[in-house]
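Under my numbering, the first residue of the sequence shown is numbered 11, with each subsequent residue one higher. Even glycine gets a Cβ: it sits at the ideal position worked out from N, Cα and C. Reviewing the structure listed below.
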Amino acid sequence: MSKDTVTAVREGGLRYTSKVGGSPFLGSGHTRSCFKCGKHRPPSSLQSLRVLGRNEVVCKPNCKTAE
11 MSKDTVTAVR EGGLRYTSKV GGSPFLGSGH TRSCFKCGKH RPPSSLQSLR VLGRNEVVCK
71 PNCKTAE
(Lines of atoms letter the chains of each structure in order from A and count residues from 1; the text may use other names and numbers.)
(Lines give C-alpha, C1' and ligand atoms only; values in the text may rest on other atoms or scores of the structure.)
Protein backbone atom coordinates (compact mmCIF):
# COMPACT_ATOMS: atom_id res chain seq x y z
CA MET A 1 0.00 0.00 0.00
CA SER A 2 2.99 2.32 0.19
CA LYS A 3 3.46 4.64 -2.73
CA ASP A 4 6.62 6.05 -4.25
CA THR A 5 7.76 9.37 -2.89
CA VAL A 6 9.73 11.99 -4.78
CA THR A 7 12.24 14.08 -2.91
CA ALA A 8 13.56 17.42 -4.15
CA VAL A 9 15.77 20.13 -2.70
CA ARG A 10 14.42 23.68 -2.81
CA GLU A 11 16.54 26.71 -3.57
CA GLY A 12 16.62 27.58 0.14
CA GLY A 13 18.09 24.15 0.95
CA LEU A 14 14.93 22.66 2.47
CA ARG A 15 13.96 19.14 1.48
CA TYR A 16 10.35 18.19 0.92
CA THR A 17 8.52 15.06 -0.20
CA SER A 18 5.52 14.69 -2.42
CA LYS A 19 3.40 11.59 -2.82
CA VAL A 20 1.48 10.34 -5.79
CA GLY A 21 -2.19 11.31 -5.48
CA GLY A 22 -5.03 8.85 -5.20
CA SER A 23 -6.59 6.48 -2.75
CA PRO A 24 -5.05 3.18 -1.57
CA PHE A 25 -8.55 1.67 -1.67
CA LEU A 26 -9.09 0.36 -5.18
CA GLY A 27 -12.39 -0.66 -6.72
CA SER A 28 -15.78 0.69 -5.77
CA GLY A 29 -14.60 2.04 -2.42
CA HIS A 30 -17.13 0.05 -0.41
CA THR A 31 -14.89 -1.40 2.28
CA ARG A 32 -15.04 -1.68 6.05
CA SER A 33 -12.30 -2.50 8.51
CA CYS A 34 -12.19 -5.62 10.66
CA PHE A 35 -12.51 -4.90 14.39
CA LYS A 36 -9.81 -7.47 15.26
CA CYS A 37 -7.11 -7.16 12.59
CA GLY A 38 -7.94 -3.72 11.16
CA LYS A 39 -7.64 -4.73 7.50
CA HIS A 40 -10.10 -3.27 5.02
CA ARG A 41 -12.33 -5.82 3.30
CA PRO A 42 -15.56 -5.77 1.29
CA PRO A 43 -18.68 -6.16 3.44
CA SER A 44 -19.38 -9.58 1.89
CA SER A 45 -16.25 -11.00 3.57
CA LEU A 46 -17.15 -9.68 7.05
CA GLN A 47 -19.57 -10.93 9.69
CA SER A 48 -21.22 -9.21 12.63
CA LEU A 49 -20.08 -10.19 16.13
CA ARG A 50 -21.25 -8.87 19.50
CA VAL A 51 -18.28 -7.45 21.42
CA LEU A 52 -18.69 -5.71 24.79
CA GLY A 53 -22.35 -4.97 24.16
CA ARG A 54 -21.84 -3.59 20.63
CA ASN A 55 -22.09 -5.18 17.21
CA GLU A 56 -18.73 -5.06 15.42
CA VAL A 57 -17.69 -6.53 12.07
CA VAL A 58 -14.89 -9.09 11.91
CA CYS A 59 -13.38 -11.22 9.14
CA LYS A 60 -15.39 -14.24 8.05
CA PRO A 61 -14.66 -17.04 9.15
CA ASN A 62 -11.59 -15.60 10.97
CA CYS A 63 -8.72 -13.18 10.31
CA LYS A 64 -6.08 -15.82 9.52
CA THR A 65 -8.08 -17.68 6.87
CA ALA A 66 -9.37 -14.46 5.26
CA GLU A 67 -5.88 -13.65 3.99
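- In terms of Cβ geometry, residue 50 and residue 58 do not form a close pair [threshold 9 Å].
- Taking all protein chains in view, the Cβ of residue 62 is surrounded by fewer than 16 other Cβ atoms within 10 Å, so the residue is classified as exposed.
- Under the three-state reduction of DSSP, residue 73 is assigned to helix.
- It is roughly 14 Å from the alpha-carbon of residue 73 to the alpha-carbon of residue 54.
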